[in-house]
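For reference, the structure discussed in these notes is given below.
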Amino acid sequence: MKKQICILGSTGSIGTQALDVIQQHPDLYEVYALTANNRVQELAEQARKFHPAAVVIANEDHYKELSELLSDQSDIKVYAGKEALCQIVEADPVDMVLTALVGFAGLAPTIHAIKARKKICLANKETLVVAGELIRNLATQYHAPILPVDSEHSAIFQCLVGEDENEIDKILLTCSGGPFRLFDDEQLKNVTAADALRHPTWEMGAKITIDSASLMNKGFEVIEAKWLFGVPADKIQVLVHPQSIIHSAVQFTDGSVKAQLGVPDMRLPIQYAFSFPKRLPLNGERLNLFKHQLEFFEPDLEKFQCLALAFEAIRRSGNMPCIVNAANEIANEGFRHGRCSFLGMGRIIEQTMAKATFDASPDYEVYVQTDAEARHIARELMNNYK
Ligand code: NDP
Ligand code: MG
Numbered sequence: 022m023k024k025q026i027c028i029l030g031s032t033g034s035i036g037t038q039a040l041d042v043i044q045q046h047p048d049l050y051e052v053y054a055l056t057a058n059n060r061v062q063e064l065a066e067q068a069r070k071f072h073p074a075a076v077v078i079a080n081e082d083h084y085k086e087l088s089e090l091l092s093d094q095s096d097i098k099v100y101a102g103k104e105a106l107c108q109i110v111e112a113d114p115v116d117m118v119l120t121a122l123v124g125f126a127g128l129a130p131t132i133h134a135i136k137a138r139k140k141i142c143l144a145n146k147e148t149l150v151v152a153g154e155l156i157r158n159l160a161t162q163y164h165a166p167i168l169p170v171d172s173e174h175s176a177i178f179q180c181l182v183g184e185d186e187n188e189i190d191k192i193l194l195t196c197s198g199g200p201f202r203l204f205d206d207e208q209l210k211n212v213t214a215a216d217a218l219r220h221p222t223w224e225m226g227a228k229i230t231i232d233s234a235s236l237m238n239k240g241f242e243v244i245e246a247k248w249l250f251g252v253p254a255d256k257i258q259v260l261v262h263p264q265s266i267i268h269s270a271v272q273f274t275d276g277s278v279k280a281q282l283g284v285p286d287m288r289l290p291i292q293y294a295f296s297f298p299k300r301l302p303l304n305g306e307r308l309n310l311f312k313h314q315l316e317f318f319e320p321d322l323e324k325f326q327c328l329a330l331a332f333e334a335i336r337r338s339g340n341m342p343c344i345v346n347a348a349n350e351i352a353n354e355g356f357r358h359g360r361c362s363f364l365g366m367g368r369i370i371e372q373t374m375a376k377a378t379f380d381a382s383p384d385y386e387v388y389v390q391t392d393a394e395a396r397h398i399a400r401e402l403m404n405n406y407k
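Written out as structure tokens, the structure reads:
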């Protein structure tokens with residue numbers, strides 16, 4: 022039986038690469054549902070090519086256009102709205118849900134998919150940043166496996182295969198350092214979104230590319246690793262590794278370090294999440310270690326305030342990571358549209374952390390309120406950081 026996959030965010034960077042993987046294994050995988058937010062034309066094109074049972078456009082304003090574009094495809098059901106995302110993941114035939122949408126919007130459909138006992142292939146790290154404890158508890162309660170798609174977490178996961186009985190001493194989480202690794206404070210003041218969108222080693226969606234430039238992405242990945250692998254944050258070390266060849270490593274109590282290496286290609290972690298515990302053939306470039314000099318540096322927490330703020334959020338715990346995530350979504354979008362500076366993003370997040378209501382043991386409703394409150398505060402602060 023072919024595995025039926027629901028891709029949340031099929032028109033994005035991860036979504037399209039997932040479709041490439043599925044296309045390489047038509048005997049194993051079938052698309053059950055595709056979803057997007059605004060890119061209607063792309064979604065309709067994908068639907069014509071992959072013939073899913075359903076498509077969902079999250080932004081309801083595009084429902085009519087999508088329906089018209091697919092009016093000759095009577096076997097494809099067309100839905101719209103956030104609620105529809107939550108419903109589609111629960112559909113009986115769905116075996117796996119790839120969460121490849123961006124930001125807080127991933128939380129609700131992921132919870133629905135877990136409660137429907139689907140296998141979660143998790144790219145949407147914001148879900149674990151916002152509500153890691155809740156997600157971990159639900160996944161345990163409903164026996165829903167969560168397979169990491171983020172390359173570092175896939176690397177760690179691959180290092181842990183066969184190590185169930187063994188304690189993790191330390192996780193070595195690698196980080197490219199982003200395009201501004203060697204910039205000084207003066208240069209950082211003037212960088213533009215266009216500069217930040219030129220990532221040295223990975224091609225990704227706009228939001229995560231900016232997060233990678235500010236190193237907020239790495240802070241989020243520490244939180245993600247903490248919840249995925251049950252390791253306290255003080256046992257997770259961030260290493261700047263500009264070549265992005267070692268995708269991360271695990272040190273065990275006997276001092277042995279296992280690492281996973283490869284050329285940067287997100288299709289590998291996507292495919293591994295689909296096929297685990299099996300490895301499947303994948304076309305593409307192979308690693309040639311003769312061509313690479315591997316380097317490692319400590320991250321500069323003074324230069325990259327966002328990483329320091331993520332560590333602070335981990336320390337304060339409760340809903341603080343949710344506050345940081347919401348403020349970061351607003352600041353990140355603001356920077357992309359020229360409404361705040363690169364360094365302004367950190368200041369907006371820092372001040373939102375100081376102003377938003379803290380809750381030491383949040384539940385789902387608190388996360389929703391926190392997200393809304395922190396976004397509101399961050400928007401108000403935006404004007405000060407042009
Ligand atoms: P993209 O911006 O390229 O794609 C995002 C996808 O989600 C698009 O299909 C988009 O639809 C949809 N989407 C965006 N906002 C919403 C919303 N509010 N509701 C419903 N759907 C929405 O992002 P990426 O593929 O780069 O990233 C996806 C996730 O994976 C993120 O959480 C990111 O952190 C994570 N990730 C990405 C990596 C990468 O290499 N790209 C690596 C590791 C993790 P539309 O096209 O219509 O806007
Ligand atoms: Mg990553």
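Convert by adding 21 to the 1-based position in the sequence shown; the result is the number in our numbering.
Just so it is clear, CB atoms sit at the ideal spot from N, CA and C, and this is done for glycine as well.
Within 7 Å of ligand 2: residues by beta-carbon to any heavy atom: Asp171, Ser172, Glu173, Asn238 and Glu242
Bounding residues of the alpha helix (DSSP H) (the contiguous stretch that carries Met287): Numbered from 1 along the sequence shown, position 266 holds the residue referred to as residue 287. Taken as a continuous stretch (DSSP letters only), Met287 belongs to no alpha helix (DSSP H), as it is neither H nor E.
6 Å Cβ shell around Met18 - same chain, five flanking residues per side excluded: This structure does not reach residue 18, given that the chain is present from 22 up to 407, and the question cannot be answered.
Given Asp113 as reference, the closest of Lys140, Ser296 and Leu91 once Cα atoms are compared: One-based indexing of the sequence shown puts residue 113 at position 92. Cα-wise, what sits closest to Asp113 is Lys140.
Straight-line gap, Pro200 to Ser92 (C-alpha atoms, nearest Å): Walking along the sequence shown from the start, residue 200 turns up at place 179. Walking along the sequence shown from the start, residue 92 turns up at place 71. Cα-Cα distance, rounded: 44 Å.
According to DSSP, residues forming a beta bridge with Ser269: Here residue 269 corresponds to residue number 248 of the sequence shown, with the count starting at 1. DSSP lists Gln281 as partners of Ser269.
Terminal residues of the alpha helix (DSSP H) in which Val150 lies: Position 129 of the sequence shown, counted from the start, is the residue given in the question as residue 150. Start and end: Glu147 to Gln162.
Endpoints, the beta strand (DSSP E) within which Asp190 is located: Taking the first residue of the sequence shown as 1, we reach residue 190 at position 169. Here the beta strand (DSSP E) through Asp190 covers Ile189 to Cys196.
Check whether Phe317 and Leu260 have beta carbons under 9 Å apart: Reading the sequence shown from its first residue, position 296 is the one you call residue 317. Reading the sequence shown from its first residue, position 239 is the one you call residue 260. Against a cut-off of 9 Å, the Cβ pair of Leu260 and Phe317 comes out as a contact.
Heavy atom of ligand 1 within 8 Å of Met287 beta-carbon: Position 266 of the sequence shown, counted from the first residue, corresponds to residue 287. Under cutoff, so the answer is yes.
Contact the region 277-284 vs the region 168-179: 3+ CB pairs below 8 Å: yes
Assigned secondary structure, Leu91 (DSSP; H/G/I helix, E/B strand, else coil): Within the sequence shown, numbered from 1, the residue matching residue 91 stands at position 70. Three-state DSSP puts Leu91 in coil, outside helix and strand.
Ligand 1 heavy atom lying under 8 Å from the CB of Val123: Locating residue 123 in the sequence shown gives position 102, where the first residue counts as 1. At least one heavy atom of ligand 1 is nearer than 8 Å to the Cβ of Val123, so yes.
Any non-hydrogen atom of ligand 1 within 8 Å of Ser197 CB: In the sequence shown, counting from the first residue as 1, residue 197 sits at position 176. Not under cutoff, so the answer is no.
DSSP-derived helix/strand/coil call for Pro130: Locating residue 130 in the sequence shown gives position 109, counting from the first residue. Residue state, collapsed to three classes: helix.
Buried versus exposed call for Gln38 [16 or more other C-beta atoms within 10 Å across all chains shown]: Stepping through the sequence shown from its first residue, residue 38 is reached at position 17. The residue in question, Gln38, is buried, as its Cβ has 16 or more Cβ neighbours within 10 Å.
C-beta contact flag for Phe241 and Asn346 at 9 Å: What you label residue 241 is simply residue 220 of the sequence shown in a count that begins at 1. What you label residue 346 is simply residue 325 of the sequence shown in a count that begins at 1. Yes, they are a contact pair.
Own chain residues within Cβ distance below 6 Å of Thr195, not counting five before or after: Within the sequence shown, numbered from 1, the residue matching residue 195 stands at position 174. Excluding sequence neighbours, Thr195 sits near Leu260, His262, Ile267 and Ser269.
Pairwise C-alpha distance: Thr32 and Leu87: Residue mapping note: residue 87 aligns to position 66 of the sequence shown, counting from 1. Residue mapping note: residue 32 aligns to position 11 of the sequence shown, counting from 1. Approximately 14 Å between the Cα atoms of the pair.
Span separating the alpha-carbon of Lys299 from that of Tyr293: Looking up residue 299 in the sequence shown gives position 278. Looking up residue 293 in the sequence shown gives position 272. Rounded to whole angstroms, Lys299 to Tyr293 spans 8 Å at the Cα level.
Cβ neighbours of Ile192 in the same chain (closer than 8 Å, five flanking residues each side left out): For the purposes of this step, residue 192 is identified with residue 171 of the sequence shown, where counting begins at 1. So the list reads Ile177, Ala246, Phe250, Val252, Lys256, Ile257, Gln258, Ser269, Ala270, Val271 and Gln272, once near-sequence residues are dropped.
Arg307, buried or exposed, once every other Cβ within 10 Å from all chains shown has been counted against 16: Here residue 307 is taken as the residue at index 286 of the sequence shown, counted from 1. Its Cβ having fewer than 16 others within 10 Å, Arg307 is exposed.
In DSSP terms, what Phe318 is bridged to: In the sequence shown, the residue the question calls residue 318 occupies position 297. For Phe318, which the question treats as bridged, DSSP gives the partners Val261.
Residue nearest to Val151 in terms of C-alpha spacing, selected from Ala348, His220, Val115 and Ile398: Here residue 151 corresponds to residue number 130 of the sequence shown, with the count starting at 1. The candidate whose alpha carbon is nearest that of Val151 is Ala348.
Per DSSP, cross-strand counterpart(s) of Tyr84: Position 63 of the sequence shown holds residue 84. Note: Tyr84 sits in no beta bridge, so no partner.
Residue from Glu323, Leu106 and Thr274 whose Cα sits closest to the Cα of Ala129: In the sequence shown, counting from the first residue as 1, residue 129 sits at position 108. Selected option, being the one with the closest Cα: Leu106.
Validate contact between the region 350-366 and the region 210-226 using beta carbons, cut 8 Å, 3 pairs: yes
DSSP-derived helix/strand/coil call for Pro169: To locate residue 169, count along the sequence shown from 1; it is residue 148. Residue state, collapsed to three classes: strand.
Among Glu111, Ala75, Val110 and Glu63, nearest to Ser95 - alpha-carbon criterion: Your numbering for residue 95 matches position 74 in the sequence shown. Of the candidates Glu111, Ala75, Val110 and Glu63, the one whose C-alpha sits nearest the C-alpha of Ser95 is Ala75.
Check whether Ser265 and Pro221 have beta carbons under 9 Å apart: The residue you call residue 265 lines up with position 244 of the sequence shown. The residue you call residue 221 lines up with position 200 of the sequence shown. A contact, by the Cβ cut-off of 9 Å.
Reference Gln179, options Lys85, Leu289, Leu90 and Lys103, closest by Cα: The residue you call residue 179 lines up with position 158 of the sequence shown. With distances taken between Cα atoms, Gln179 lies closest to Leu289.
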